[in-house]
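Report on the following structure.
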Amino acid sequence: MSWEKNVRRVEPYVAGEQPKREGVIKLNTNECPYPPSPEVGKIQEEMDYGKLRLYPDMHAEKLVHALADYYHVKPEQVFVGVGSDDVLAMAFMTFFYGDKPILFPDITYSFYNVWAEVFRIPYKVCALDSDFRIRKEDYLRSNGGIVIPNPNAPTGVLEDVSLFEEIIAENPDSVVIVDEAYVDFGGTSMIPLINQYDNLMVVQTFSKSRAMAGARIGFAIGNEKLIHYLKDVKFSFNSYTMNMPAIEMGTAAVLDDAYFKEMIGKIVKTREWTKEQLKRLGFSFADSKANFLFVSHEKVPAKDIFLALKANNIYVRHWDKERISNYLRITIGTDEQMEKLVAFLENYLK
Ligand code: PMP
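Add 2 to a position in the sequence shown, counting from 1, and you land on the number used in this note's numbering.
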């Protein structure tokens with residue numbers, strides 16, 4: 003049709019399946035297998051629905067202050083959004099506006115290239131080495147911005163803060179976004195370094211370690227000026243993105259630190275158990291510090307295992323993509339779910 007020449011055409015991001023059927027063991031989108039803090043449930047039960055006639059606080063101050071207190075930063079250094087996807091999209095739009103290509107790893111969160119395409123940002127991917135490690139020198143060349151997850155996804159590999167510090171220090175003309183979606187499961191956050199590096203922006207989410215993927219909450223922490231620019235773009239796009247219940251529930255989750263730590267402890271313990279079992283069954287993988295493992299079997303192709311699991315109502319993630327087509331990403335579920343996975347694999351691989 004003739005109007006199509008004026009259309010912004012993009013190939014959208016493909017998220018993991020959300021099966022509607024009951025009884026599925028869902029280990030494909032890195033959700034938390036446990037519910038959020040009971041304090042979050044209380045908010046929902048006690049919420050005055052009459053308040054919904056009003057617009058929410060566009061600054062989400064309550065949540066911003068709770069996060070600022072929790073991470074020992076100023077409220078002016080915090081930005082919140084509808085999941086970290088929203089925060090990252092806004093950050094791409096705000097900070098990656100130069101002529102030079104932005105840089106990110108070849109094996110990484112598959113939304114980065116989609117945002118780059120939709121916002122027409124030039125980009126270059128930097129190949130991880132054969133152990134899925136970042137090659138620092140790739141990021142020490144001319145660029146228009148950098149985005150890297152730590153731990154990386156879908157590999158689960160955690161890099162040392164010192165590697166990132168070097169990249170950030172060597173790139174004073176670029177904003178460096180460190181996507182810490184999985185940092186709570188065993189990494190060290192770079193948030194304490196935001197006063198030292200004015201080009202560092204750390205992004206985190208409530209979707210994994212805070213068990214609230216359904217509430218859609220993400221946030222960024224960085225230098226005040228950087229956050230200010232981010233807000234200018236956000237308020238030029240859609241002011242009221244964070245809804246009232248999400249602001250309240252997110253705040254309750256941050257305040258219940260004991261529950262947060264307990265749940266992470268459980269997931270880490272299950273992860274370490276799962277590592278041992280999968281090794282025993284002939285899988286190999288880089289050591290993961292996230293709530294998932296990225297595994298490859300010595301004999302059986304990943305796709306075959308993926309399909310066999312799916313046929314048995316166990317969903318994991320597989321990509322038909324260069325370099326990673328023989329890998330499966332398996333989210334850490336409850337002990338019971340992981341026992342069922344291991345039992346199935348044990349039988350299947352015989
Ligand atoms: N970053 C990474 C590395 C992720 O894996 C995800 C989860 N898909 C996100 C960001 C976005 O998560 P959310 O929008 O749920 O916060």
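Heads up, the beta-carbon is just placed ideally off N, CA and C, and yes, glycines get one too. Bear in mind the structure is a predicted one, so any value in this text is a computation, not a measurement.
Legend entry - When V344, Y261, D259 and D88 are compared against F237, the one with the closest alpha-carbon: D88
Legend entry - N240 classed as buried or exposed, judged by whether at least 16 other C-beta atoms fall within 10 angstroms: exposed
Inset, instruction - Give the DSSP-derived three-state secondary structure of V12 in the structure shown. - result: Residue state, collapsed to three classes: coil.
Legend entry - the ligand PMP site residues, beta-carbon cut 5 Å against heavy atoms: G85, S86, D87, Y111, P151, A155, D181, A183, T207, S209 and G220
Inset, instruction - Name the one or two DSSP bridge partners that T333 has. - result: F294
Inset, instruction - Report, in whole angstroms, the separation of the C-beta atoms of L353 and K263, which I expect to be a contact under 8 Å. - result: A query on residue 353 cannot be resolved here, the shown segment of the chain reaching from 3 to 352 and no further.
Inset, instruction - Give the straight-line distance between the Cα atoms of Y15 and F113, rounded to the nearest whole angstrom. - result: 6 Å
Inset, instruction - Could you check if H299 is buried or exposed, using at least 16 other CB atoms within 10 Å of its CB as the buried criterion? - result: With at least 16 other beta carbons inside 10 angstroms of its own, H299 counts as buried.
Inset, instruction - Tell me, to the nearest whole angstrom, how far the beta carbon of G146 is from that of D200; I am working on the premise that it is less than 8 Å. - result: Going by Cβ atoms, the distance from G146 to D200 rounds to 17 Å, so no, they are not a contact pair.
Inset, instruction - Go to P124, then tell me how far its beta strand (DSSP E) extends in each direction, as first and last residue. - result: Careful: P124 lies outside any beta strand (DSSP E) and carries neither H nor E.
Inset, instruction - Take every Cβ of the stretch 154-169, pair it with every Cβ of the stretch 180-193, and state whether three or more of those distances are shorter than 8 Å. - result: yes
Inset, instruction - To the nearest angstrom, report how far apart A304 and D289 are at their CA atoms. - result: 18 Å
Legend entry - Identity of the residue in N197, T207, L283 and F121 nearest Y99 by Cα: F121
Legend entry - Where P107 falls: helix, strand or coil (DSSP): strand
Inset, instruction - Report the three-state DSSP secondary structure of A17 (helix, strand or coil). - result: In the three-state scheme derived from DSSP, where H, G and I count as helix and E and B as strand, A17 is classed as coil.
Legend entry - C-alpha distance - D162 paired with A155, whole-angstrom precision: 15 Å
Inset, instruction - Below 7 Å CB to CB, which residues in the same chain sit around F308 once its five sequence neighbours on both sides are set aside? - result: V318, H320 and L330
Inset, instruction - Just tell me which of E24, G43 and Q20 has its CA closest to the CA of N32. - result: Q20
Inset, instruction - Pull up the CB-CB distance for A93 and Q79, whole angstroms please, since I reckon it's below 8 Å. - result: Their Cβ separation, rounded to whole angstroms, is 14 Å, which puts A93 and Q79 out of contact at 8 Å.
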